[in-house]
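K.L.:
This is the structure, below, for whatever I ask next.
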Amino acid sequence: MKVYKKQSQKLSKLGSTQGNESFNKSVASKAPKSHFYSGTSSLNVRVAASVAQKNDGQCYLIKVNNNIGLSPGVHTKRLAILRDLQARKRRAISITRKEKIRRIQLRNRRVKRNAVKEMCEGTSYSCQIDLQDHQDIVEIPSAPVPPEVHCNIPNTAKVICFDLETTSLARDSHITQIAAVNGESHWTSYVIPKLPISSQASEVTGLTMRNGRMFHQGKVVESSTISTALDGFLEFLKAAGHNIYLTGHNIKTFDCHILINTLKSVGKTEELKKCVEGFVDTKAAF
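Listed below in structure tokens is the structure:
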């Protein structure tokens, strides 16, 4: 009862814990709600079996058979040992770094998906939501229209096209390649990411990582750190002079955010401001 004593404040408010929910699932498997076992004398035995399974694992049935003088059963013993091994394997996998990263990625996807739905439907599930005062959303609100901004680009402006390849389609992904074109001159650099490259991104870009080395279409390519790649990108921009506008397709919703966030992470935002006046998204022209 020490575990439940520590969570007494939550449980007194009819709250629950992860361990408590796990035990409830075990009880529900032996006394399903679809059958009225709470009114029978077998409920105590079913709950006791759930407690034994929680404490000793699936091998509790073998101990029970031995105590009452019954054969543990060859197949029963084999299946109980197999289930316990599977449970230990799942617990061992759950604490690995790879599995923790996967849980973080799934949580980020879930948060993004819920945020999009809450924009249209409002908050439908949260802590103490029944105690909050909120207005019911009768209809889905229309998307806000951004104000029109008139930008005058001088005739002396220099347009440099750039493009980024990333580990995924999310805004928190890492850069895997930077490329820029200024007239006849061009520059490109492959970047070693700190996040794994998703299979969808590899299909589009052809970039993969194996044993710390980057491959493009199955061939090894020379790659560098993100800090070194950004230094080369900024040097390419500085060589073009001043009054520069970076141009690309659909950069307003993706590439610009990735580039700015990456520059902030390495402390090179001010260097970009010295030579770049702004961004131009060519998607608006189509």
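Residues in the sequence shown are numbered consecutively from 1, following full-length UniProt numbering.
C-beta: ideal position from N, C-alpha, C; glycine also.
Could you check whether Ser50 and Lys30 sit closer than 8 Å to each other, using their CB atoms as the reference points?
P.N.:
yes
K.L.:
Measure the Cβ-Cβ separation of His174 and Pro193 and say whether it is below 8 Å.
P.N.:
yes
K.L.:
Please list, in chain order, all residues of the same chain as Asn114 whose beta carbon is under 6 Å from its beta carbon, the five residues on each side excluded.
P.N.:
none
K.L.:
Measure from the alpha carbon of Gln58 to the alpha carbon of each residue in Ala170, Ile153 and Ser26, then state which is nearest.
P.N.:
Ser26
K.L.:
Taking the beta carbon of Gly218 as the centre, do at least 16 other beta carbons fall within 10 Å, making it buried, or is it exposed?
P.N.:
Counting the other Cβ atoms within 10 Å of the Cβ of Gly218 gives fewer than 16, which makes it exposed.
K.L.:
Suppose you measure from the CA of Gly241 to the CA of Val276; what does that come to, to the nearest Å?
P.N.:
9 Å
K.L.:
May I ask you to list the residues that DSSP assigns as paired with Thr188?
P.N.:
According to DSSP, which records beta bridges pairwise, Thr188 is partnered with Ala179.
K.L.:
Please classify Leu70: does DSSP put it in a helix, a strand, or coil?
P.N.:
coil
K.L.:
Using a threshold of 8 Å, state whether the C-beta atoms of Asn65 and Gly73 are closer than that.
P.N.:
Pairing Asn65 with Gly73 gives a Cβ-Cβ distance under 8 Å.
K.L.:
If you draw a straight line from the alpha carbon of Glu184 to that of Thr247, how long is it in whole angstroms?
P.N.:
16 Å
K.L.:
Write down the C-beta distance between Cys171 and His75 rounded to the nearest angstrom, noting that I regard them as a contact closer than 8 Å.
P.N.:
One point to set straight first is that residue 171 is Arg, not Cys, in the sequence displayed. Not a contact, Cβ separation roughly 53 Å.
K.L.:
Give the range of the beta strand (DSSP E) segment to which Glu99 is assigned.
P.N.:
Element bounds for Glu99: not the beta strand (DSSP E) but the alpha helix (DSSP H), Arg97 to Glu121.
K.L.:
Do you know offhand how far Met214's Cα is from His249's?
P.N.:
26 Å
K.L.:
First and last residue of the alpha helix (DSSP H) that includes Asp56?
P.N.:
For Asp56, the enclosing alpha helix (DSSP H) has its first and last residue at Leu43 to Asp56.
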